[in-house]
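A quick write-up on the structure given underneath.
Residue numbers (the working numbering), protein chains in the order written: chain A, 14 to 120; chain B, 13 to 363.
Listed below in structure tokens is the structure:
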């Protein structure tokens with residue numbers, strides 16, 4: 014799973030979000046390292062929707078414009094959990110090989 | 013100037029790069045998210061932003077990148093996009109195969125000249141390699157890089173292949189520009205047409221080898237390289253060695269002949285009642301015929317003072333057009349007959 018897909022799925026993990034909400038959440042989750050452009054975001058959302066990992070949740074009107082919210086599907090939740098576990102175990106290996114304790118790694 | 017357009021209209025104009033089916037699905041959503049990213053909630057500020065601001069080049073580039081991927085048939089694209097995507101990938105592989113077989117030819121000639129085969133060296137009139145100097149040396153290295161690019165594409169290392177291919181066409185361009193400026197460029201029309209159609213265009217078309225693109229069938233493509241050398245370049249070398257150069261067409265003519273033969277060989281399948289699956293190859297051949305036809309047409313300029321070669325070249329052009337016409341009906345059908353398939357299977361998805 015690409016870093017962008019991982020962040021987008023993570024942004025939806027605690028509830029549905031609309032397009033720009035996802036952009037903001039991804040920027041925050043990545044501490045500003047991933048700043049999705051709208052073209053890239055919707056390319057990603059389209060692929061994730063086709064893969065069955067996300068689906069539309071609801072539509073709301075905001076300042077005369079329609080905002081569509083997206084949520085994780087059950088498959089999306091499962092794929093995100095598997096990816097998180099993979100990344101966590103990789104991080105553990107890296108810390109061990111570098112001889113870092115948990116506190117040092119966090120610092 | 014954009015006149016009475018505001019930021020929303022300017023962004024919608026950028027979104028016109030995307031295929032209609034995709035705009036129908038996502039345009040309103042994209043516009044809403046885009047405006048959300050600009051507007052502040054303050055009425056005066058927002059009015060100024062809407063009136064004077066325009067999409068950034070990064071935003072435009074992201075839409076353009078998405079448009080290229082979708083036009084080449086991403087997941088969820090209509091059938092005709094899938095047919096084009098596969099045909100473009102096949103055509104790119106064929107052109108890179110041609111470059112690779114030329115590389116093998118260059119290696120064989122060089123090795124023979126260096127007496128690596130344990131046999132006497134080639135006759136003096138056989139073209140071996142360009143004389144010394146930086147760019148000729150670079151050519152030799154680049155010649156062999158095409159083999160690597162071909163293998164990388166077959167093995168699915170698409171991004172690496174794209175990077176090497178983008179670098180591989182630079183020495184050719186420098187050499188053509190340098191010769192043009194020095195006034196030493198032989199066959200200027202053909203040289204430029206070669207660079208644009210057989211170097212630059214395939215590299216741009218490598219966008220069809222995106223990260224999730226289905227892999228090529230390895231065995232037949234890998235076998236095609238030695239086969240391509242033995243069936244095309246080895247006979248050319250043999251003709252040169254035996255002094256039968258007069259029968260050899262120039263490179264554009266050789267390309268026309270090969271594509272025409274491929275069209276003829278494919279015609280029975282394209283015309284058969286059970287032509288399932290042949291359409292993508294018909295589309296591939298039609299695409300290759302268009303490229304070689306343009307190559308032949310552009311290089312005609314080099315023969316404007318030689319009526320005989322002009323006639324031969326026009327005949328080659330005619331042959332490739334007629335041969336391509338045989339597969340065009342099947343190619344047209346392919347755009348509706350290729351089953352739409354998702355590049356993202358639902359189970360076991362590993363992006």
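Beta carbons: idealized from backbone N, C-alpha and C, even for Gly. Predicted model only: the values in this text are computed from it and were never measured.
Problem - Residue range of the alpha helix (DSSP H) that includes residue 237 of chain B - result: 230-240
Handout entry: Rounded straight-line distance, which links the Cα of residue 99 of chain B to that of residue 45 of chain B
Key = 35 Å
Exercise for the section: Can you have a look at residue 339 of chain B and say buried or exposed, based on whether 16 or more other CB atoms are within 10 angstroms of its CB? Expected result: buried
Exercise for the section: Following the continuous beta strand (DSSP E) through residue 78 of chain A, name the residue where it begins and the one where it ends. Expected result: 78-85
Practice task
Report the residues of the segment 57-69 of chain B with a CB closer than 7 Å to any CB of chain A, ordered along the chain.
Solution key: none
Practice task
Give a yes or no on whether the minimum CB-CB distance between residue 84 of chain B and chain A is below 8 Å.
Solution key: no
Practice task
Could you check what DSSP says for residue 61 of chain B in three-state terms: helix, strand or coil?
Solution key: helix
Handout entry: Span separating the alpha-carbon of residue 44 of chain A from that of residue 50 of chain A
Key = 16 Å
Exercise for the section: Starting from the C-beta of residue 157 of chain B, find all residues in its chain whose C-beta is less than 7 Å away, skip the five residues before and the five after it, and write them out in chain order. Expected result: 176 and 180
Problem - Residue-level contact to chain B via CB, residue 51 of chain A, 8 Å cutoff - result: yes
Practice task
Answer yes or no: do residue 201 of chain B and residue 313 of chain B have a C-beta to C-beta separation smaller than 8 Å?
Solution key: yes
Exercise for the section: Specify whether the segment 326-345 of chain B and the segment 291-304 of chain B touch according to this definition: at least 3 beta carbon pairs, one from each stretch, less than 8 Å apart. Expected result: yes
Exercise for the section: Decide if the segment 22-42 of chain B is in contact with the segment 72-87 of chain B; the criterion is three or more beta carbon pairs, one per stretch, under 8 Å apart. Expected result: yes
Exercise for the section: Using the DSSP secondary-structure output, state which residues sit across from residue 67 of chain A in a beta bridge. Expected result: A/85
Practice task
Determine, using beta carbons only, whether residue 56 of chain A comes closer than 8 Å to chain B.
Solution key: yes
Exercise for the section: Measure how close the beta-carbons of residue 25 of chain A and residue 113 of chain A come, nearest whole angstrom, since I'm counting them as under 8 Å. Expected result: Wrong, their Cβ atoms sit about 31 Å apart, outside the cutoff.
Exercise for the section: Output the residue ranges of the alpha helix (DSSP H) runs that lie fully inside the segment 238-305 of chain B and measure 4 residues or longer, sorted by chain position. Expected result: 246-253 and 263-283
Handout entry: Segment contact flag, the segment 162-172 of chain B with the segment 225-238 of chain B, C-beta cutoff 8 Å, min 3 pairs
Key = yes
Exercise for the section: Using a Cβ-Cβ cut-off of less than 8 Å, give me the residues of the segment 26-55 of chain B that come near chain A, in sequence order. Expected result: 34, 37, 38, 40, 41, 42, 43, 44, 45, 46, 47, 48, 49 and 51
Problem - Assigned secondary structure, residue 102 of chain A (DSSP; H/G/I helix, E/B strand, else coil) - result: helix
Practice task
Return yes when the Cβ of residue 264 of chain B is within less than 8 Å of the Cβ of residue 311 of chain B, no when it is not.
Solution key: yes
Problem - Below-8 Å beta-carbon distance, residue 36 of chain A vs any chain B residue - result: yes
Practice task
Decide if the segment 289-300 of chain B is in contact with the segment 102-110 of chain B; the criterion is three or more beta carbon pairs, one per stretch, under 8 Å apart.
Solution key: yes
Exercise for the section: Can you give me, in chain order, the residues of the segment 78-91 of chain A that have a beta carbon less than 9 Å from any beta carbon in chain B? Expected result: 78, 79, 80, 81 and 88
Exercise for the section: Could you please give the first and the last residue of the uninterrupted alpha helix (DSSP H) stretch that includes residue 80 of chain B? Expected result: 69-83
Handout entry: Interface partners of residue 71 of chain B on chain A, CB under 8 Å
Key = 50, 51 and 52
Exercise for the section: Within its chain, find whatever has a CB closer than 7 Å to the CB of residue 203 of chain B; leave out the 5 residues flanking it on each side and keep chain order. Expected result: 188 and 197
Handout entry: N-terminal and C-terminal residue of the alpha helix (DSSP H) that residue 194 of chain B is part of
Key = 170-194
Practice task
Work out the CA separation of residue 308 of chain B and residue 334 of chain B for me, nearest whole Å.
Solution key: 14 Å
Exercise for the section: Go through its chain and collect everything with a Cβ distance to residue 324 of chain B's Cβ below 8 Å, but skip five positions before and after it. Expected result: 261 and 265
Practice task
Identify every residue that forms a DSSP beta bridge with residue 30 of chain A.
Solution key: A/83
Exercise for the section: Tell me residue 72 of chain A's beta-bridge partners as DSSP assigns them. Expected result: A/81
Problem - residue 48 of chain B (DSSP reduced to helix, strand or coil) - result: helix
Exercise for the section: Using alpha carbons as the reference points, say which of B/174, B/228, B/246 and B/239 lies closest to residue 211 of chain B. Expected result: B/174
Exercise for the section: Between the Cα of residue 94 of chain B and those of B/221, B/66, B/244 and B/284, spot the shortest distance and give me the residue it belongs to. Expected result: B/221
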